[in-house]
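Trainee: The structure's right below; bear with me while I get my questions together.
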Amino acid sequence: MAASGNFALWAWLAPALSFVLLSLIVPLRRSGKPAAWLSIVLSAGALAAAVSAWRASVPDMARRMLWEWIPVEDGVLTSVGVLADADSTLMLILVALVSFLVQLYSLGYLADEPPASLGRYYTYQSLFAFSMMGLVLAPNFVQLFICWELVGLCSYLLIGYWYARPEAARAAVKAFWVTKAGDVGFLIGIVMLWSRTGTFDFSELFEMAQGGSDALTGLGLVMFCIYLGAAGKSAQFPFHIWLPDAMEGPTPVSALIHAATMVTAGVYLLFRTAFLFEQAPEVLAAVGWIGAFTALFAATLACVQQDIKRVLAYSTVSQLGYMMAAIGAGFASAGFLHLLTHGVFKALLFLAAGAVIHAVGTNDIFGMGGLARRMPQTFVVFLIGTLSLAGIPFFAGFFSKEEILGATWEGGLAVPFAMLVAAAFLTAFYMFRVVFIAFMGAPAASGAHGSGHGGQAAPHAHDAPALMTVPLWILALLAMVIGIGFARSHPEAEFVAPGWLTPLAVGVALAGIVLSAVVYAHGWISPAWIYRRLAVLGDAAMERFWLDDFFALVYRSGILGVARIVGWVDRYIVDGILNVLSAWTLTAGDRLRRIQSGQAQDYVYGIALGVLLLMVWMRWPR
Amino acid sequence: MSLESIAFWALAVVLLASALAVVLTRNLFHSVLYLALALTATAGVFLSLDAEFLAAIQLLLYAGGVVTIVVFAIVVTERLVGDRITQTSRQIAAGLGIAGALLVAILAIFRRAPLTVPRPAVSGDLTRAIGQSLLTTYVLPFELLGVLFLAALVGALYFARPDD
Amino acid sequence: MTLQAYLTLAAMLFCIGLFGVLTRRNTIGILLGIELMLNAVNINLVAFARFLGDVSGMIFTVFTICITVAEVALGLALVILIYRIRRTAVADHLDLLRG
């Protein structure tokens, strides 16, 4: 374990070093490309260390490296450290791999940025890698929460990377606010748990759970509060509203943070503390239901999006719902497995979308078209990613998705199971909608909207430079390897799936593809016809079910209203009291000044009075 | 009533009356004259206390010296010829109040304290006794007094120097 | 007469002197009041010396008288100086210490 812990520590400290160097040495940061290469090299080192850590790890939560942090009377309140067991090192590899590939990709994607901004970007990326790894390796709730908040901060900084754009700034604030709402619940949950059990440490809590400790009874409310944090971070309904808007950030950021790592932090948290959630089965049921509903809900919204990144964003929300549903059904490892595979192919999809956007100059899929011919490499990797997401055999997502469906069925959540199946159908549908509209068919009319680096819109599209395509191919190959590898020898499931599950899953996916082809590729059924048939549902979907507006209303009237009241109290009452006191002091001082008249005789008065008082005092209590 | 008590009462009346006159007269010059009278009466009080030497000193230094100095000061600072030297008093009520209160306080202390000591017999020549202690026990303060006078002299000369 | 009589006399003289110090406008008038107070102190000292048989009280008085003389000399020199500069001997006008 010591070796695993050490490797994990190296992996964790490499991006920390990068962040410290880049933030302190200003000329290095302002130089742009050298800063980028520093960060990239260190993240490659982190990846190597992460792989070594995984290979040396054992699945035992008790062995960890700790450094005491906050001392209290008898012992330590909490520590910081590294808990590098089999699961956390696996997640560490995911974080390190996607981080490295995204940083490499960003150098090509953001090649036109001014050097100072580029340096700032890589500083944030390094900070994010450090925080995310700290979260993954956290041995207790305190370090987890601190890194949780840091990750949220990096998300804010990176979404708002182009801060001069008002939409980006607003999206960053929105992301921060919504996740913060969940985080408040999280913090309350952590403190409540500590007041019950007296410890923050995962290993100690695990032992208490194993031993059937009394402190762990009646944890329903506590675990629900902790779940709120995960719901915010992992974009569960109704906290999902920040994720589509977070697409205002650069695409590599979306790939890293809003597909593979940060949003999966919530899933990871639930996976890590599954033994605690088992103590509160009603909360788990809620998790499962909310997860399945989110999956279906987001899938419907994804069907009507025009922005390619929005499609992928809603797709991410949907897949996060899948993971949560599996955890809610009681089979957290299925959710974790999907987290890993999803991380790979969703990052792939985002990066490929980024390549497309970079070449074409617009996010609108209706402004693209026929890209398969002009960007063959990108088309291939995007197709690989899409097939993985749809759950087609021999591709990465197939096995994990089927696991989740099986877990939901075995866990006894029948209605969520149905929702997940419907979501699978829709997933295949909307992904292939994008493929057919953007990559097949005729190019869109040029002169639409586009300021890509090629100048005009579609006609000048071409495959991306090497810095961007290499990560794409690495991820695509990884997806294929995982897919084929699982087909041959997959990890043992904790349950026995019913025999009809696999055919159902595959059939549903194929049905989605077929429908999508029918509508978009051949145009036998027009989208407008479907839209009319779905009437209300379609309109609502276009308005994103008015959720964003609802939250905005709550924010403006509720929170801002309260803020205004508090501000008024602060200005007029708190400040008012102080102002009155100071005015009185000034007046009193003014009046008292007159004692100092400058006339010597007045001072003699003072002396005489003093002597008189002394005499009276001497004589008084006789 | 013995001679002693008659003398004391007479002196007391003169002393207090002239003191009141000092503080209440408008004319500053008259004030000074009344002060001379008060100082002389004090010398009489000293005599009644068998302190002849002190009475002599009082007359010489106070009634003679101080009054002279004050008169000179008045001459320098006021115009003697022509306008009357007048002065009004300020805040009489307050002054009366404080002084009265202080008097009451002091007298109240006297009531409590055991001060009915009989007057002891005169033991030898007080002047000789004073002289002896002055030059034996208290010789240091005596010499320092000389230094003090020197300092006062120099100081007064410095203050009163003509402007150069 | 009794000690108490002398002390009462001295007390009254002292308070009259204090009244003078507090109410007189002219600086010299104030100095006259101070003279009265000092006289009262002297009477006190001599009375105690006489009634308690200790001659040091009278020695104290000698010193007091001498120091008073020096103080009067200097005080009046100051008054004259101020009069030269400020052309006034009224204490009310000397309020440079005013806060």
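Protein chains in written order, with this note's numbering: chain A, 31 to 652; chain B, 141 to 304; chain C, 3 to 101.
Built from N, CA and C at the ideal position, the CB exists for glycine as well.
Quantities reported herein were computed from a predicted structural model and do not represent experimental measurements.
Tell me which residues share the same chain as residue 181 of chain A and place their Cβ nearer than 7 Å to its Cβ, disregarding the 5 neighbours each side in the sequence.
Mentor: Take residue 181 of chain A, set aside five residues on each side of it, and the residues of its chain with a beta-carbon closer than 7 Å to its own are 158, 161, 162, 165, 292 and 295, in chain order.
Trainee: Measure the alpha-carbon distance for residue 543 of chain A versus residue 584 of chain A and round it to whole angstroms.
Mentor: 39 Å
Trainee: Name the chain C residues whose beta carbon is nearer than 7 Å to that of residue 192 of chain B?
Mentor: Result: empty, since nearest Cβ-Cβ is about 11 Å, beyond 7 Å.
Trainee: Taking a Cβ distance cut-off of 9 Å, strictly less, list which residues of the segment 176-202 of chain B are near chain C, in chain order.
Mentor: Residues are counted here when their Cβ sits less than 9 Å from a Cβ of chain C; for the segment 176-202 of chain B these are 178, 179, 182, 185, 186, 188, 189, 190, 191, 193, 194, 197, 198, 201 and 202, given in chain order.
Trainee: Any idea what DSSP makes of residue 645 of chain A, helix, strand or coil?
Mentor: helix
Trainee: List, in chain order, every chain B residue whose beta-carbon is nearer than 8 Å to that of residue 633 of chain A.
Mentor: Under the 8 Å cutoff, chain B gives no residues; its nearest Cβ is about 13 Å from residue 633 of chain A.
Trainee: Keeping to the same chain, check which residues put their C-beta closer than 6 Å to that of residue 53 of chain A; ignore five residues upstream and five downstream.
Mentor: 153
Trainee: Can the beta-carbon of residue 206 of chain A be found less than 9 Å from the beta-carbon of residue 186 of chain A?
Mentor: yes
Trainee: Beta-carbon of residue 630 of chain A versus every beta-carbon of chain B: anything under 9 Å?
Mentor: Contact of residue 630 of chain A with chain B is not assigned, every C-beta pair being separated by 9 Å or more.
Trainee: Taking residue 513 of chain A and residue 418 of chain A to be in contact with their CB atoms under 8 Å, please state how far apart those CB atoms are, rounded to whole angstroms.
Mentor: 7 Å
Trainee: Determine, for residue 81 of chain C, whether the minimum Cβ-Cβ distance to residues of chain A falls below 9 Å.
Mentor: With 9 Å as the cut-off, residue 81 of chain C does not count as an interface residue toward chain A.
Trainee: What span of residues does the alpha helix (DSSP H) with residue 95 of chain A cover, start to end?
Mentor: From DSSP, residue 95 of chain A is part of no alpha helix (DSSP H) but of the beta strand (DSSP E) over 95-102.
Trainee: How about the segment 31-43 of chain C and the segment 69-85 of chain C: do they share at least three Cβ pairs that are nearer than 8 Å?
Mentor: yes
Trainee: Which residues bound the alpha helix (DSSP H) around residue 606 of chain A?
Mentor: 605-623
Trainee: Can you name the start and end residues of the alpha helix (DSSP H) that residue 57 of chain A belongs to?
Mentor: Judged by DSSP secondary structure, residue 57 of chain A falls within the alpha helix (DSSP H) whose first and last residues are 56-60.
Trainee: Just to confirm, is the Cβ distance from residue 232 of chain B to residue 25 of chain C under 9 Å?
Mentor: yes
Trainee: Please go through the segment 283-315 of chain A and give each complete alpha helix (DSSP H) segment of 4 or more residues, from N-terminal end onward.
Mentor: 294-302 and 304-307
Trainee: Residue 621 of chain A versus chain B: which residues are under 8 Å apart at the beta carbon?
Mentor: Neighbours of residue 621 of chain A on chain B: none; closest Cβ ~18 Å, over 8 Å.
Trainee: With burial defined as no fewer than 16 other Cβ atoms inside 10 Å of the residue's Cβ, what is the status of residue 550 of chain A: buried or exposed?
Mentor: Result: buried.
Trainee: Is it right to say residue 222 of chain B is buried, meaning 16 or more other beta carbons lie within 10 angstroms of its own, or is it exposed?
Mentor: Unreliable placement is indicated for residue 222 of chain B, whose pLDDT of 49 sits below 50; the coordinate value is still reported in the next sentence. When all chains shown are included, residue 222 of chain B counts as exposed.
Trainee: Does the beta-carbon distance from residue 506 of chain A to residue 371 of chain A come in below 9 Å?
Mentor: For residue 506 of chain A and residue 371 of chain A, no; Cβs fall outside 9 Å.
Trainee: Identify each residue in the segment 228-250 of chain B for which the Cβ-Cβ distance to at least one residue of chain D is less than 9 Å, and report them in chain order.
Mentor: Absence of chain D from the displayed structure is noted, the protein chains being A, B and C.
Trainee: Decide if the segment 256-264 of chain A is in contact with the segment 208-221 of chain A; the criterion is three or more beta carbon pairs, one per stretch, under 8 Å apart.
Mentor: yes
Trainee: Apart from the five residues just before and just after residue 462 of chain A, which ones in its own chain have a Cβ nearer than 8 Å to its Cβ?
Mentor: Here residue 462 of chain A has 416, 420, 542, 543, 546, 547 and 550 as same chain residues with Cβ atoms under 8 Å from its own Cβ, once five neighbours each way along the sequence are excluded.
Trainee: With a threshold of 8 Å, are at least 3 pairs of Cβ atoms found where one atom belongs to the segment 353-363 of chain A and the other to the segment 426-439 of chain A?
Mentor: Short answer: they touch.
Trainee: Tell me, please, whether the segment 88-100 of chain C touches the segment 617-636 of chain A by the rule of three or more beta-carbon pairs shorter than 8 Å.
Mentor: yes
Trainee: Can you tell me whether residue 26 of chain C is helix, strand or coil according to DSSP?
Mentor: strand
Trainee: Taking all protein chains shown into account, decide if residue 302 of chain A is buried (16 or more other Cβ within 10 angstroms of its Cβ) or exposed.
Mentor: Counting the other CB atoms within 10 Å of its CB gives residue 302 of chain A a total of 16 or more, which places it among the buried residues.
Trainee: Rounding to the nearest angstrom, what Cα-Cα distance links residue 363 of chain A and residue 297 of chain A in this structure?
Mentor: 10 Å
Trainee: Would you say residue 638 of chain A reaches chain C, if we count a Cβ-Cβ gap shorter than 9 Å as a contact?
Mentor: yes
Trainee: The alpha helix (DSSP H) that contains residue 398 of chain A, what's its start and end?
Mentor: Per DSSP, residue 398 of chain A belongs to no alpha helix (DSSP H) and is neither H nor E.
Trainee: Tell me whether residue 225 of chain A, by its Cβ, gets closer than 8 Å to a heavy atom of the ligand FAD.
Mentor: No copy of the ligand FAD occurs in the structure displayed, which carries no ligand at all.
Trainee: Tell me whether residue 82 of chain A sits in a helix, a strand or coil according to DSSP, three-state version.
Mentor: If DSSP states are grouped into helix, strand and coil, residue 82 of chain A belongs with the helices.
Trainee: Please return the same chain residues whose Cβ sits closer than 7 Å to the Cβ of residue 335 of chain A, not counting the five positions on each side in sequence.
Mentor: 341 and 344
Trainee: Which residues mark the beginning and the end of the alpha helix (DSSP H) in which residue 172 of chain A is found?
Mentor: 171-189
Trainee: Cα separation between residue 648 of chain A and residue 248 of chain B?
Mentor: 12 Å
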